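All remarks here apply to the structure that follows.
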Amino acid sequence: MVTTEVTEGEFKGWHTWPEEPFEYDTAGPFYMRTDEKGPVAAFRAQRKHMNAGGVVHGGCLMTFADYALFAIGHQGMEGVYGLTVAFTAEFLDGAREGELIEARGDLLRQGRSITFVRGIVTADGRPVLNFSGTIKVKRPKA
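According to numbering that gives the first Met the number 0, the sequence shown is numbered sequentially starting from 0.
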């Protein structure tokens, strides 16, 4: 998938996948870039992300972690489509409104059709979710 660079606001210079309507319009928008530490995904926790307990909804964190799988593992996937075939997560703490939510991780292995990723989501630097997943690459039919 092709990314689009953000041209204004807090995430100026970051990239998005605006053709992903759920992650961009509904749950997000979520952003990604590569810095000196490697790939990173991020968003700012807003009221729409909260649950009744006053923390970011677990489903939102899991959706963001799924997005982060691709932000971390997307190298070498240009021109192909991927889908998540396995995903695990453990909640570590609650994230609050206004906090910067980030995900970093490791590309454990990337084969021709399967990619393995693991990572951690933080809220203002505090760990809130541990995750791992497997991406299946879908190549265009010739």
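Heads up, the beta-carbon is just placed ideally off N, CA and C, and yes, glycines get one too. It should be emphasised that the depicted structure is a prediction, and the values quoted were computed from it without experimental measurement.
List the whole-angstrom C-beta distance separating Val127 from Leu91, where the pair is believed to meet the contact cut-off of C-beta under 8 Å. Right, their Cβ atoms sit about 5 Å apart.
Quick check: what's the CA-CA separation for Leu107 versus Phe115? Rounded to whole angstroms, the separation of the alpha carbons of Phe115 and Leu107 is 5 Å.
Kindly indicate the opening and closing residues of the beta strand (DSSP E) around Leu99. 99-109 is the span of the beta strand (DSSP E), which, as asked, contains Leu99.
Give every residue of the same chain whose Cβ lies closer than 8 Å to the Cβ of Thr87, excluding the five residues on either side of it in the sequence, and list them in chain order. Around Thr87: Phe130, Ser131, Gly132.
Restricting to Cα atoms, I'd like to know which of Ala94, Arg138, Ser112 is closest to Ala51. A check of alpha carbon separations from Ala51 across Ala94, Arg138, Ser112 identifies Ala94 as the nearest.
Three-state secondary structure (DSSP) at Leu82? Reduced to three states, the DSSP call for Leu82 is strand.
Boundaries (first-last residue) of the alpha helix (DSSP H) holding Asp65: For Asp65, the enclosing alpha helix (DSSP H) stretches over residues 57-72.
Would you call Thr3 buried or exposed, if buried means 16 or more other Cβ atoms sit within 10 Å of its Cβ? Within a 10 Å sphere around the beta-carbon of Thr3 sit fewer than 16 other beta-carbons, which makes this residue exposed.
In chain order, what residues of the same chain have a beta carbon less than 8 Å from the beta carbon of Tyr23, not counting five sequence neighbours either side? Listed in chain order, the non-local C-beta contacts of Tyr23 below 8 Å within the same chain comprise Thr15, Trp16, Pro17, Phe29, local neighbours out to five positions each way being set aside.
Helix or strand or just coil, what does DSSP make of Thr114? Strand at Thr114.
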